[in-house]
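Engineer: Mind looking over this structure? Questions follow.
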Amino acid sequence: MADTTTRIQLETAVARVPGEASAPRKPPVTATGFLGWLRANLFSSWINAAVTLVLLYLVVRWVIGFVEWGILNAVWSVPAGQTQACREVQGVGACWAVVTEKHRFILFGTYPYEEHWRPALVCALFIGLYVVSAMRRFWNWTLVPIWTVTLTVIGILMWGGVFGLPYVPQERWGGLPITLILATFGLAFAFPLAILVALGRRSQLPAIKAICVLYVELIRGVPLISLLFMASVMFPLFLPEGVNIDKLLRAQIAIILFAGAYLAEVVRGGLQALPKGQYEAAEALGLSYWQKTGLIILPQALRLVIPPLVNTFIGFFKDTSLVLIIGIFDLLTAGKTAIIEPAWQGFGVEVYIFVGFIYFLFCYAMSKYSQNLEAELNRHRRR
23 MADTTTRIQL
33 ETAVARVPGE
43 ASAPRKPPVT
53 ATGFLGWLRA
63 NLFSSWINAA
73 VTLVLLYLVV
83 RWVIGFVEWG
93 ILNAVWSVPA
103 GQTQACREVQ
113 GVGACWAVVT
123 EKHRFILFGT
133 YPYEEHWRPA
143 LVCALFIGLY
153 VVSAMRRFWN
163 WTLVPIWTVT
173 LTVIGILMWG
183 GVFGLPYVPQ
193 ERWGGLPITL
203 ILATFGLAFA
213 FPLAILVALG
223 RRSQLPAIKA
233 ICVLYVELIR
243 GVPLISLLFM
253 ASVMFPLFLP
263 EGVNIDKLLR
273 AQIAIILFAG
283 AYLAEVVRGG
293 LQALPKGQYE
303 AAEALGLSYW
313 QKTGLIILPQ
323 ALRLVIPPLV
333 NTFIGFFKDT
343 SLVLIIGIFD
353 LLTAGKTAII
363 EPAWQGFGVE
373 VYIFVGFIYF
383 LFCYAMSKYS
393 QNLEAELNRH
403 RRR
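Here is the structure:
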């Protein structure tokens, strides 16, 4: 009986060994999670560790210095026109009072003060239009009436003259609404133009191809400043006497033509990157040229070039600040003008930080949206 019990115990012990050996073991804490990421990316070697520590030291020093300058020692408000408190902390603390005092002028330019609710509402409508346009469930013909109605309301609010709103000439417009108008209309009209030009450059018809190549090379061969200068100074010289086109419209056309040329090359890169088999498969289905292009070729080509497209969008959103050379008060120009007043001279850093933060918000939103859109549209490639 004792021998039988001993044998059973030995067999049980032996049977447990494989089970214990095959049980999953947890990885070391330093190899997973946040610590694992730090070890793999920032401290994988002594060189990486040294560079990480040096950069961390510089970042901490900068953050501490900025907090002391921009928060702890800062002046947030002063009595109207009295900047003595800002002068006393100049070089040691920030004077955010200039932003508090001049924020309306920076955001809305010389627009009538009592009517500032109108450009503020215009900015909100633009942001709402961007949000709605970014939702995929609206990617159909419903966007057309949404854009039409929204832009009509924006025009009514900015100009006025109807529904009891006082008329405000375009010369009084300025600040953030001008930046959003130039960027929105510029990219909205430049994108379809770019698609047509990109298709024209790949056309088998020599005349169309030559015109598209000439347009792209001519526009891309000169800086945007020169186009704006020609639209403002040279173009009116060729108009009949008594005919005058609004300065903002001329600048808008110049931006559209310039952006269209750059976007056309991005779209052409996507068309060329598409495998030839996609073209052959579309032709095998018996589709017409426009059916093949609209249903099969363009969606795939645009999906491939989302990063460079958004990069171009961000670049042109910031390039709208160049309209200052033709006397249009965009956001950056309004910020520069706000500190011309002798009482606020010397506090331009605070104004530029404020303006730069507004640009950053819009550009960062575009960047994050493009990353999410690219990941969603290319999800099938990772399967």
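Numbers in this note's numbering are just positions in the sequence shown, counted from 1, shifted up by 22.
Beta carbons: idealized from backbone N, C-alpha and C, even for Gly.
#1: Is DSSP giving V82 helix, strand or coil here?
#2: Is the beta carbon of K314 less than 8 angstroms from the beta carbon of E302?
#3: Report the residue from G308, V288, P364 and E363 whose alpha carbon sits nearest the alpha carbon of P330.
#4: If you check the beta carbons only, do G182 and V190 fall under 8 angstroms apart?
#5: So the alpha helix (DSSP H) W181 belongs to, where does it begin and stop?
#6: Name the DSSP beta bridge partners of C385, please?
#7: Evaluate D341 with the Cβ neighbour count: other Cβ atoms within 10 Å of its Cβ, from every protein chain shown; 16 or more gives buried, anything less gives exposed.
#8: State the Cα-Cα distance for the pair L285 and F339, rounded to the nearest angstrom.
#9: Which residues does DSSP pair with D352 in a beta bridge?
#10: For the candidate residues I277, W84, E363 and I168, whose alpha-carbon lies nearest to that of M252?
#11: So, F148 versus L202, is the Cβ gap smaller than 8 angstroms?
#12: Just mark M180 as buried or exposed, buried being the case when its beta carbon has 16 or more other beta carbons within 10 Å.
#13: Buried or exposed: where does E239 fall if 16 or more other Cβ atoms within 10 Å of its Cβ makes it buried?
#14: DSSP state of G41, grouped into three classes?
#15: What does the Cβ neighbour count give for V82, buried or exposed, with the cut at 16 atoms within 10 Å?
#16: Does F379 pass the burial test, meaning 16 or more other C-beta atoms within 10 Å, or should it be called exposed?
#17: Comparing alpha-carbon positions, which option in G177, T206, F376 and V235 lies nearest A116?
#18: Run through the DSSP bridge pairs and tell me what C117 is partnered with.
#19: What residue range does the alpha helix (DSSP H) around D268 cover?
#20: Could you check whether P188 and E137 sit closer than 8 angstroms to each other, using their CB atoms as the reference points?
#21: Can you grab the Cα-Cα spacing for the pair S343 / S389, in whole Å?
#22: So, under 8 angstroms CB-CB, T122 and W366 are touching, yes? Tell me the CB distance rounded to an integer number of Å.
#23: I'd like the span of the alpha helix (DSSP H) that includes N333, first residue to last.
#24: Taking the alpha carbon of Y152 as the point to measure from, which residue in P262, W91, W139 and I168 has its own alpha carbon closest?
#25: Please classify P191: does DSSP put it in a helix, a strand, or coil?
#26: Check whether the stretch 76 to 92 touches the stretch 154 to 165, taking contact to mean three or more Cβ pairs, one atom from each stretch, closer than 8 angstroms.
#27: Assuming the contact rule is C-beta atoms closer than 8 angstroms, V120 and F369 should be a hit. Round their C-beta distance to whole Å, please.
#28: Rounded to whole angstroms, what's the CA-CA distance from I319 to L326? Just pull it up for me.
#29: I need the straight-line Cα distance from F335 to E110, nearest angstrom please.
#30: Which class does V184 belong to by DSSP, given the choice of helix, strand or coil?
#31: Are there 16 or more other CB atoms within 10 angstroms of the CB of E372, so buried, or fewer, so exposed?
#32: How should G131 be labelled, buried or exposed, when 16 other C-beta atoms within 10 angstroms of its C-beta is the threshold for buried?
#33: If we count the other Cβ atoms within 10 Å of its Cβ and call it buried at 16 or more, is Q393 buried or exposed?
#34: Taking N95 as the reference, which of P101, I176, F384 and C108 has the closest Cα?
#35: Is Y133 buried or exposed, if buried means 16 or more other CB atoms sit within 10 Å of its CB?
Structural biologist: The structure says:
#1: Within the sequence shown, residue 82 is the residue found at index 60, counting from 1. Of the three classes helix, strand and coil, the one that applies to V82 here is helix, per DSSP.
#2: To locate residue 314, count along the sequence shown from 1; it is residue 292. To locate residue 302, count along the sequence shown from 1; it is residue 280. Their beta carbons are not under 8 angstroms apart, which means K314 does not touch E302 by this criterion.
#3: For this step, residue 330 is matched to residue 308 along the sequence shown. The shortest Cα separation from P330 among G308, V288, P364 and E363 belongs to V288.
#4: Taking the sequence shown and counting its residues from 1, one reaches residue 182 at position 160. Taking the sequence shown and counting its residues from 1, one reaches residue 190 at position 168. In contact: G182 and V190 (Cβ atoms closer than 8 angstroms).
#5: Taking the sequence shown and counting its residues from 1, the one referred to as residue 181 is at position 159. Residues L165 to W181.
#6: By 1-based counting over the sequence shown, the position of residue 385 is 363. Per DSSP, none; premise fails for C385.
#7: The sequence position of residue 341 within the sequence shown is 319, counting from 1. Buried, since its Cβ has 16 or more Cβ neighbours within 10 Å.
#8: Within the sequence shown, numbered from 1, the residue matching residue 285 stands at position 263. Within the sequence shown, numbered from 1, the residue matching residue 339 stands at position 317. Whole-angstrom Cα-Cα distance: 13 angstroms.
#9: To locate residue 352, count along the sequence shown from 1; it is residue 330. Paired residue(s): G197.
#10: Here residue 252 is taken as the residue at index 230 of the sequence shown, counted from 1. Out of I277, W84, E363 and I168, I277 has the C-alpha closest to the C-alpha of M252.
#11: The residue labelled residue 148 in the question sits at position 126 within the sequence shown. The residue labelled residue 202 in the question sits at position 180 within the sequence shown. It is a contact, given that the beta carbons lie within the stated cut-off.
#12: Your numbering for residue 180 matches position 158 in the sequence shown. Burial call: buried.
#13: Residue 239 sits at position 217 when you count from the first residue of the sequence shown. Burial is judged here by how many other beta carbons sit within 10 angstroms of a residue's own beta carbon; E239 has fewer than 16 and is exposed.
#14: As a working note, residue 41 is residue 19 in the sequence shown. Residue placement at G41 cannot be trusted, given a pLDDT of 47 that sits under 50; what the coordinates show is reported in the next sentence. Three-state result, G41: helix.
#15: Mapped onto the sequence shown, residue 82 falls at position 60. Its Cβ having fewer than 16 others within 10 Å, V82 is exposed.
#16: Mapped onto the sequence shown, residue 379 falls at position 357. Exposed, since its Cβ has fewer than 16 Cβ neighbours within 10 Å.
#17: Translated into positions along the sequence shown, residue 116 becomes position 94. Residue F376 holds the alpha-carbon nearest to the alpha-carbon of A116 among G177, T206, F376 and V235.
#18: For the purposes of this step, residue 117 is identified with residue 95 of the sequence shown, where counting begins at 1. Paired residue(s): V97.
#19: Looking up residue 268 in the sequence shown gives position 246. Counting along the chain, D268 falls outside any alpha helix (DSSP H), and DSSP gives it neither H nor E.
#20: Position 115 of the sequence shown, counting from 1, holds the residue named residue 137. Position 166 of the sequence shown, counting from 1, holds the residue named residue 188. The answer is yes: Cβ separation under 8 angstroms.
#21: In the sequence shown, counting from the first residue as 1, residue 343 sits at position 321. In the sequence shown, counting from the first residue as 1, residue 389 sits at position 367. One C-alpha to the other measures close to 19 angstroms.
#22: Translated into positions along the sequence shown, residue 122 becomes position 100. Translated into positions along the sequence shown, residue 366 becomes position 344. Contact doesn't hold; Cβ gap of about 11 angstroms is too wide.
#23: Along the sequence shown, read from residue 1 onward, the residue named residue 333 stands at position 311. Per DSSP, N333 belongs to the alpha helix (DSSP H) from I328 to D341.
#24: Walking along the sequence shown from the start, residue 152 turns up at place 130. Selected option, being the one with the closest Cα: I168.
#25: Here residue 191 refers to the residue found at position 169 when the sequence shown is read from its first residue. Correct three-state label for P191: coil.
#26: no
#27: Working through the sequence shown from its first residue, we reach residue 120 at position 98. Working through the sequence shown from its first residue, we reach residue 369 at position 347. Going by Cβ atoms, the distance from V120 to F369 rounds to 5 angstroms, so yes, they are a contact pair.
#28: Within the sequence shown, the letter at position 297 stands for residue 319. Within the sequence shown, the letter at position 304 stands for residue 326. About 11 angstroms.
#29: The count along the sequence shown starts at 1 and reaches residue 335 at position 313. The count along the sequence shown starts at 1 and reaches residue 110 at position 88. When rounded, the distance between both Cα atoms is 42 angstroms.
#30: Your numbering for residue 184 matches position 162 in the sequence shown. Look at V184 here: in three-state DSSP terms it is coil, with no helix or strand label.
#31: The sequence position of residue 372 within the sequence shown is 350, counting from 1. Under this definition E372 is a buried residue.
#32: The sequence position of residue 131 within the sequence shown is 109, counting from 1. It is buried - the Cβ of G131 has at least 16 other Cβ atoms within 10 Å.
#33: Position 371 of the sequence shown holds residue 393. By the 10 Å Cβ count, Q393 comes out exposed.
#34: Counted from its first residue, the sequence shown places residue 95 at position 73. With distances taken between Cα atoms, N95 lies closest to C108.
#35: Walking along the sequence shown from the start, residue 133 turns up at place 111. The residue is buried, with at least 16 neighbouring Cβ atoms inside 10 Å.
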